[in-house]
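Peer 1:
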Amino acid sequence: MRELASRPLSAAVSGMTTEVVDPVPGAGAPHLPRQTGLVQLLTPEGERVEHPDYAIDVTAEELRDLYRDLVLVRRWDVEATALQRQGELGIWASLLGQEAAQVGAGRALRPDDTAFPTYREHGVAWTRGVDPLHVISLFRGVDNGGWDPVATGFNLYTVVIGAQCLHATGYAMGLQRDGAESAALAFLGDGATSQGEVNEAMIWAASFSAPVVFFCQNNQYAISVPLERQSRVPLYQRAAGFGFPGVRVDGNDVLAVLAVTRAALAAAREGQGPTFIEAFTYRMGAHTTSDDPTRYRLASELEEWKLRDPIARVKAYLSRTGTADADFFADVEARADELAAHIRRGTTEMPDPPGTAMFDRVYAEQTPHLAAQQAQFEAYQAGFEGSHR
Amino acid sequence: MLRQFMLPDVGEGLTEGEILHWLVAVGDTVTVNQPLCEVETAKAAVELPSPWAGTVTALLHEAGSTVDVGTPIITIDTGGGDVPAPAPAPDRAADAEPAAGLIGGAAPGGRTAVLVGYGPRTTEARRRPRRGAPPPSRPAARVPGADYGSGGQERPPLLATAPDMTTKPVRHGGLEVGRQAEANAAGGESVTALSAAPGRGRARPLAKPPVRKLAKDLGVDLTALTGSGPGGVITRADVHQAAAAPASVTELPSAAATAGEQRIPVRGVRKHTAAAMVASAFTAPHVTEFLTVDVTRMLKLRSRLAARPEFAGVRVSPLLFAAKAVLLAAGRHPMVNSSWDEAAQEIVVHGQVNLGIAAATPRGLLVPNVKDAGRLSLVELATALAQLTETARAGRTAPEDMTGGTITITNVGVFGVDTGTPILNPGESAILAFGAIREMPWVHKGKVRPRQVTQLALSFDHRVIDGELGSRFLADVGALMSDPGTALAF
Chain W
1 MRELASRPLS
11 AAVSGMTTEV
21 VDPVPGAGAP
31 HLPRQTGLVQ
41 LLTPEGERVE
51 HPDYAIDVTA
61 EELRDLYRDL
71 VLVRRWDVEA
81 TALQRQGELG
91 IWASLLGQEA
101 AQVGAGRALR
111 PDDTAFPTYR
121 EHGVAWTRGV
131 DPLHVISLFR
141 GVDNGGWDPV
151 ATGFNLYTVV
161 IGAQCLHATG
171 YAMGLQRDGA
181 ESAALAFLGD
191 GATSQGEVNE
201 AMIWAASFSA
211 PVVFFCQNNQ
221 YAISVPLERQ
231 SRVPLYQRAA
241 GFGFPGVRVD
251 GNDVLAVLAV
261 TRAALAAARE
271 GQGPTFIEAF
281 TYRMGAHTTS
291 DDPTRYRLAS
301 ELEEWKLRDP
311 IARVKAYLSR
321 TGTADADFFA
331 DVEARADELA
341 AHIRRGTTEM
351 PDPPGTAMFD
361 RVYAEQTPHL
371 AAQQAQFEAY
381 QAGFEGSHR
Chain S
1 MLRQFMLPDV
11 GEGLTEGEIL
21 HWLVAVGDTV
31 TVNQPLCEVE
41 TAKAAVELPS
51 PWAGTVTALL
61 HEAGSTVDVG
71 TPIITIDTGG
81 GDVPAPAPAP
91 DRAADAEPAA
101 GLIGGAAPGG
111 RTAVLVGYGP
121 RTTEARRRPR
131 RGAPPPSRPA
141 ARVPGADYGS
151 GGQERPPLLA
161 TAPDMTTKPV
171 RHGGLEVGRQ
181 AEANAAGGES
191 VTALSAAPGR
201 GRARPLAKPP
211 VRKLAKDLGV
221 DLTALTGSGP
231 GGVITRADVH
241 QAAAAPASVT
251 ELPSAAATAG
261 EQRIPVRGVR
271 KHTAAAMVAS
281 AFTAPHVTEF
291 LTVDVTRMLK
301 LRSRLAARPE
311 FAGVRVSPLL
321 FAAKAVLLAA
331 GRHPMVNSSW
341 DEAAQEIVVH
351 GQVNLGIAAA
361 TPRGLLVPNV
371 KDAGRLSLVE
381 LATALAQLTE
391 TARAGRTAPE
401 DMTGGTITIT
411 NVGVFGVDTG
421 TPILNPGESA
431 ILAFGAIREM
441 PWVHKGKVRP
451 RQVTQLALSF
461 DHRVIDGELG
471 SRFLADVGAL
481 MSDPGTALAF
């Protein structure tokens, strides 16, 4: 395969224009040009580079803020994973390795925009000002997500794979009808692109030129299924089939993600319709705490991705350019420690909700039918009193 | 304050876990999130981080024990207060080792203290050499965190070059091939295993699942067959035909045309035999002992018996006497009639002797056996042996007659050779080679006389049978064949 891949690309050189789909990308398709269209502004080595289409001008303050976001989000994630291992959470979906994709996309949003997350967008939640404990309460099983989606512009987590793309598209069509100059940002994973809802959402978004951006974090695995088993073409190329632009961005480059997402959201608000962003990244950890990735991934692959760590390159850039000093990094660490302690204390002290809490938020005003059910449930629960305590 | 950490359900609905090993000992001071132990559940092996800072006062279960979820596993003295001291989680990714130590610091066993339920193997990443300045040798050495950003200091170097991330080779053959390539690469070999892996070029032979099963049972290699069914599908008849055909000699078109050289595809009985012999020779440590025996008296008895009415129509062969001798001797030394059970780490002493007879057939070597041969009279045994070899040579041996053997005799004497060092039939612990009977000069009653002499060779599995037992068994077999009257003493 390596031999094939390095064979001269004779067809590409001769200017072949017919679009022939490589049946197995990367396996060796001499008739196709290599896929090099990856938007990058900060290389894995920590070097700032320019891209002809996506310029970004960030201040030193903004850069330091982005770094702080990345470190704090990772710390939250690590602490939550530890809490699951200590029996405090039922499950945790780790974002480890995807911090830049989430922080970059989240920081590209304006306050009036709305994000539609999966169940892994803790980094986006952070940028929207959602209290980590609200997210954690969902994974502890004491709440269905306690934040206000309207106030935060961050919809509730959607566990059904890909369903939030329809929600986002519908919401965007509503924005359109309201004449609001805001956009919706739908999050999805590479596995979700195989779902019917996602494809339906894209068709609707294209048909109505809805102000929605589909932000796909391609973390290479749909739980255990590698991307090359799901798609014969790079994911961003699928957008062409729906009739809107597709961009592939280095998902571990927070500046590139920020620039690309900003541009896509701006285009959406201006009425230019949807964009598909493929943030090329890697899930460094397990799919969830119930998963064992060593069963389906190669160890060498993880090692290679460690060289593309989203935080290390920002730190290297900040220190090389003198944008941040040792005091700054120490301060970020101290804040991370505080956050971890806050999360730990808040989690272990989180009260169990009464059993009847599940009736509270089904309708704005409770229906007589539901009230009867609640009464019945309370009577049933009361029957256990004494015998169980 | 003493606190007990209960084994949590780390994987949605687990009920128990096995403590693989402890990473802390009694008296150790632990911090919050320091790994305490590794626990294997039905889903994964995971490290459990400490919920508290303090001193370990008791490990409540030994490594290797299986513990129910909710059971206390460790006691930690958290000191005076009951508020857990906030200590940093083992996340040092962003300071000391930006690229290498992504999640946490080093953990015992050379693994990284990850908290997501597994430890990545510590494999060095392969990197392309960087243009210009040579890359630093190790990622860890690149960006010492303390050096960051202090004014006036030399700027930290750039991080190591990451490999191109967008062109990922497809793993034909799945994870196993990839892991093999990884192992090869680690051993300094090239990844030719990957490139040599059959890709799209080699088609899988077309056959329905029951036909595949049949081919597997009969040891027929489907890739060597040409299907006669529609569209080249291999049929049941094709498989039967291939199994029945003697190992055909075909010249592969790709083989180098050395004059007179033939290339014979390994399949069918040959393939099975090869696998069985390799399995036996490289798992059971073989010992072979030899004994030369004067069987003149045995041959005289044979003539007398053959003349008796009950033996009419039955072939009374020297092999029959060898078989009877083995059965009688095995009765005296039951340990010889046994098997080594590697999985259970037990020696299985069989309750009956299923006596295998190696038979040369047109299809190759087969070893059918006579079930519970020790129970048979000499006439019955003779009849059974005759049937066995006849059926085998006709290629009609039933599968059940080929399995379950406990001791084997190989009659190499029929080919005129003196003896050999037989290889055990897999699963058995003893095999007797019976050589040619020749008239030889032999010292008999103080004088050199022409006598009928043969050689016996006994191979045995030294894991099960010691030299003493093997020698006594072979001596008994020899005694019975040299003086059949000894049988009265057995």
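Respectively, the protein sequence lines represent chains W and S.
Quick note on numbering: the first sequence equals residues 1 to 389 in full-length UniProt numbering.
Quick note on numbering: the second sequence equals residues 1 to 490 in full-length UniProt numbering.
A virtual CB, placed ideally from N, CA and C, is assigned to each residue, including glycine.
Since the structure is predicted, the reported quantities are computational estimates derived from the model, not experimental observations.
Kindly list, in the order they appear in chain W, the residues whose Cβ is closer than 9 Å to that of residue 9 (chain S).
Peer 2: 87, 90, listed in chain order.
Peer 1: Cβ of residue 225 (chain S) versus every heavy atom of the ligand HEM: is any distance shorter than 6 Å?
Peer 2: This structure does not include the ligand HEM; it has no bound ligands of any sort.
Peer 1: Would you mind working out which of W:124, W:213, W:371 sits nearest residue 267 (chain W), comparing C-alpha positions?
Peer 2: When each option's Cα is compared against that of residue 267 (chain W), the closest is W:213.
Peer 1: Between the alpha carbons of residue 27 (chain S) and residue 159 (chain S), how many angstroms are there, rounded?
Peer 2: Near 41 Å, if we compare the C-alpha coordinates of residue 159 (chain S) and residue 27 (chain S).
Peer 1: In this structure, what does DSSP give as the bridge partners for residue 289 (chain S)?
Peer 2: BP columns for residue 289 (chain S) point to S:458.
Peer 1: Measuring only the C-alpha atoms, how far is residue 242 (chain S) from residue 225 (chain S)?
Peer 2: Residue 242 (chain S) and residue 225 (chain S): Cα-Cα distance of roughly 8 Å.
Peer 1: Nearest to residue 377 (chain W) by alpha carbon, out of W:113, W:348, W:53, W:354?
Peer 2: Of W:113, W:348, W:53, W:354, the residue nearest in Cα terms is W:354.
Peer 1: List the endpoints of the continuous beta strand (DSSP E) containing residue 440 (chain S).
Peer 2: Element bounds for residue 440 (chain S): 438-444.
Peer 1: Using DSSP with H/G/I as helix, E/B as strand and the rest coil, what is residue 119 (chain S)?
Peer 2: Its pLDDT being 37, under 50, residue 119 (chain S) is placed unreliably by the model, and nothing is read from it.
Peer 1: Mind listing, in chain order, the continuous alpha helix (DSSP H) runs of no fewer than 4 residues lying wholly within the region 202-248 of chain W?
Peer 2: Segments of the alpha helix (DSSP H) lying fully in the region 202-248 of chain W: 238-242.
Peer 1: Flag this pair as touching only if the region 14-30 of chain S and the region 349-367 of chain W have three or more C-beta atom pairs under 8 Å; answer yes or no.
Peer 2: No: fewer than three Cβ pairs fall under 8 Å.
Peer 1: So within the region 68-141 of chain W, which uninterrupted alpha helix (DSSP H) runs reach at least 4 residues, ignoring any that extend past its ends?
Peer 2: You should have 99-108, 122-127, 132-140.
Peer 1: Could you tell me which residues DSSP pairs with residue 39 (chain S) in its beta bridges?
Peer 2: According to DSSP, which records beta bridges pairwise, residue 39 (chain S) is partnered with S:19, S:46.
Peer 1: Give the range of the beta strand (DSSP E) segment to which residue 72 (chain S) is assigned.
Peer 2: Residues 72-77.
Peer 1: With a 10 Å radius around its C-beta and 16 neighbouring C-beta atoms as the bar for buried, classify residue 116 (chain S) as buried or exposed.
Peer 2: Model confidence at residue 116 (chain S) stands at a pLDDT of 39, short of 50, so the residue's coordinates are unreliable; what they give is reported in the following sentence. When all chains shown are included, residue 116 (chain S) counts as buried.
Peer 1: Which partner residues does residue 54 (chain S) have in the DSSP bridge list?
Peer 2: Answer by DSSP bridge pairing, in chain order: S:30.
Peer 1: Short check: CB of residue 322 (chain W) to CB of residue 279 (chain W), under 7 Å?
Peer 2: Result no, Cβ atoms of residue 322 (chain W) and residue 279 (chain W) do not sit closer than 7 Å.
Peer 1: Measure the Cβ-Cβ separation of residue 367 (chain S) and residue 358 (chain S) and say whether it is below 7 Å.
Peer 2: For residue 367 (chain S) and residue 358 (chain S), yes; Cβs fall inside 7 Å.
Peer 1: Work out the CA separation of residue 236 (chain W) and residue 346 (chain W) for me, nearest whole Å.
Peer 2: Answer to the nearest angstrom: the Cα atoms are 40 Å apart.
Peer 1: Within the same chain, show all residues whose beta-carbon is closer than 7 Å to that of residue 483 (chain S), passing over the 5 residues directly before and after it, in chain order.
Peer 2: Only 297 meet the Cβ criterion.
Peer 1: What are the partner residues of residue 278 (chain W), as DSSP defines its beta bridges?
Peer 2: Residue 278 (chain W) pairs with W:216, W:248.
Peer 1: Would you report the Cα separation of residue 283 (chain S) and residue 406 (chain S), rounded to the nearest angstrom?
Peer 2: Straight-line Cα distance between these residues: approximately 17 Å.
Peer 1: At 9 Å on the CB atoms, spell out the chain W contacts of residue 277 (chain S), in chain order.
Peer 2: Residues of chain W passing the Cβ test: none, with the nearest at roughly 35 Å.
Peer 1: Identify the residues that DSSP records as bridge partners of residue 433 (chain S): which are they?
Peer 2: Answer is S:410, S:457.
Peer 1: Between the region 285-303 of chain W and chain S, which residues of the former have a C-beta closer than 9 Å to a C-beta of the latter?
Peer 2: So the list reads 285, 286, 288, 289, 290, 291, 292, 293, 294, 295, 296, 297, 298, 299, 300, 301, 302, 303, given in the order they occur along the chain.
Peer 1: Is it the case that the Cβ atoms of residue 329 (chain S) and residue 221 (chain S) are separated by a distance below 7 Å?
Peer 2: Cβ atoms of residue 329 (chain S) and residue 221 (chain S): not closer than 7 Å.
Peer 1: Could you give the residue range of the beta strand (DSSP E) that holds residue 187 (chain W)?
Peer 2: That run of the beta strand (DSSP E) goes 184-189.
Peer 1: If the cut-off is 9 Å on Cβ atoms, which residues from the region 347-362 of chain W count as contacting chain S, listed in chain order?
Peer 2: Taking 9 Å as the Cβ-Cβ cut-off against chain S, the residues of the region 347-362 of chain W that qualify are 348.
Peer 1: Unbroken beta strand (DSSP E) runs of length 3 or more, entirely within the region 303-338 of chain S: which are they?
Peer 2: Complete beta strand (DSSP E) runs here, min 3: none at all.
Peer 1: In three-state DSSP terms, what is residue 475 (chain S)?
Peer 2: Here residue 475 (chain S) sits in helix by DSSP.
Peer 1: Quick one: does residue 61 (chain W) have its CB under 7 Å from some CB of chain S?
Peer 2: No, residue 61 (chain W) lies away from the interface with chain S (no Cβ there is under 7 Å from its Cβ).
Peer 1: Does residue 121 (chain W) have its Cβ less than 7 Å from a Cβ in chain S?
Peer 2: So no, residue 121 (chain W) is outside the interface.
Peer 1: Taking the alpha-carbon positions, what's the residue 344 (chain W) to residue 156 (chain W) distance?
Peer 2: So the alpha carbons of these two residues sit roughly 22 Å apart.
Peer 1: Mind checking whether residue 281 (chain W) and residue 98 (chain W) have CB atoms under 7 Å apart?
Peer 2: Contact: yes.
Peer 1: Please return the same chain residues whose Cβ sits closer than 7 Å to the Cβ of residue 240 (chain W), not counting the five positions on each side in sequence.
Peer 2: Only 246 meet the Cβ criterion.
Peer 1: With distances taken Cα to Cα, identify the nearest neighbour of residue 111 (chain W) among W:149, W:301, W:88.
Peer 2: The residue with the shortest Cα to Cα distance from residue 111 (chain W) is W:149.
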